[in-house]
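Report on the structure given below.
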Amino acid sequence: AGLYSYNGVLIGILISAVLPWSAMLPALIIAAGGLSSIITHQWRKRGGKLLVAYTAPFVLLGWVALLFANPAPSVFVEAELANAVARGLGQIFLLDQPLAGLLIIIGILIANPYAAMWAVLGSAIGGGVAVLADQAQAAWFGLFGFNAALAALAFSRQGEKPWLTMLAIALALLLQSLFKLLPLPSLTAPFVMACWLMHIGTHFTCLNQRRMPTT
């Protein structure tokens, strides 16, 4: 099902994007990909149903890689709504080109049209919130879109409860704002933590409902 692969793909893309080329880089990417699979395996054994791994292994390894990376130069992006939404999907894979995001949207659309709708909506909401929060450049660059889009994808199966998906999007955006206080980029940590909070909240809500006396 690819559950051991996507963290390796993400960390490989990140390392190749932020670290300069050297003869050791391919070996480093392979080692990081293998380590992400090991972490994922152990997490699946111990994390349970509430603390699902999602992209947590990528986040942990990504933060380590970013400690050795030079700060990225500032880039100006023109205000274009459609491009911003597409970039929000592309940024899931650290791709800042609208065409890359469009191809990802098409891929999701082929696999699950309903999930694709939520992914686009999540990216659009994230961008809109960024504009309202005076983070226009981050919005046009898609930096507030990908965590919201991932949260939307994770909970888009709750077709009969769309409010759960909206709540996951809101949590991801709130956590992303809090993560901006850290010295390192949040990567997909807001998405992961939003999902954990959703799972924990749903779990305890179900427990309370079971304990309620029936009349």
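The opening residue of the sequence shown carries number 1 in the working numbering; numbering runs sequentially from there. Built from N, CA and C at the ideal position, the CB exists for glycine as well.
Residue environment, residue i, which counts as buried when at least 16 other CB atoms sit within 10 Å
i    : result
Q209 : exposed
T205 : exposed
P57  : buried
L182 : exposed
G127 : buried
I217 : Since the displayed the chain opens at 1 and closes at 215, residue 217 lies outside it and no answer follows.
I38  : exposed
Rounded separation between residue i and residue j - CA only
i    : j    : result
G48  : F76  : 43 Å
A86  : L102 : 6 Å
S36  : M212 : 42 Å
A69  : L187 : 14 Å
L94  : A84  : 14 Å
P20  : L28  : 12 Å
M198 : A149 : 15 Å
Beta-carbon separation (whole angstroms), residue i vs residue j, contact threshold 8 Å
i    : j    : result
A82  : W140 : 11 Å between Cβ atoms; not a contact.
A168 : C195 : 7 Å
L89  : S123 : 6 Å
Closest Cα partner of residue i within the set the options
i    : options          : result
L174 : N147, W163, R157 : N147
L60  : A32, M166, L99   : A32
W43  : A136, T202, N7   : N7
Y4   : A53, L14, P26    : A53
#### Entry: Any alpha helix (DSSP H) of 4 or more consecutive residues that is wholly inside the stretch 21 to 84
25 to 46, 56 to 67
### Message
Going residue by residue through the stretch 112 to 168, where are the continuous alpha helix (DSSP H) segments of at least 4 residues, counting only ones entirely within it?
### Response
113 to 132, 136 to 140, 146 to 155
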